[in-house]
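Numbering (our numbering), first residue to last: 16 to 192.
For glycine and all other residues, C-beta sits at the position ideal for the given N, C-alpha and C.
These numbers come from a predicted model, not from an experiment.
Below you'll find the structure, written out as structure tokens, and then a few comments.
Structure, rendered in structure tokens:
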């Protein structure tokens, strides 16, 4: 059986129908994008026309203009990071870590006008902790140094309001010195 019509596969016909549907969709998207871009450009142009220009009476800097050199800092202050590391604990690193005890002594030794301390609580002596630790001498030494300094410099200490169960002997000693 012969037919005058050419054989077309159904799949090809289906693709053609989908292509015919997509073409108007693509053209609509292009038109919408072009419209949005045009509106944005027009808005930028209006904004540039309506905003005042900032004019300066100073001339624009030139490459030959030399800026003043910054003065070197003569302030002897320095920052040292100190951590509370338990006594006898050693880290396997080449960095040396100053103890808090040594850092306190250094700070108090270098103080010229005041020592200001902010702390949650104070337990510098064995009496405060109710123990007999051999390392308490460090806290007792710091406390004695603070008492000495309070006669020469302004020593101010801010602590949380002590609870009745917390010892306050250190603070009383400093307050009375």
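- In the same chain as residue 136, and ignoring 5 residues on each side of it, the C-beta atoms closer than 8 Å to its own belong to 174, 175, 177, 181, in chain order.
- In the structure shown, residue 171 adopts extended strand secondary structure according to DSSP, grouped into three states.
- Counting C-beta pairs with one atom in each stretch, the region 122-139 and the region 152-172 have three or more that are closer than 8 Å, which means they touch.
- Bounds of the alpha helix (DSSP H) holding residue 165 are 151-165.
- A Cβ-Cβ contact shorter than 8 Å links residue 123 with residue 160.
- Using a Cβ distance threshold of 8 Å, residue 171 and residue 129 count as a contacting pair.
- The bridge partners DSSP lists for residue 132 are 172.
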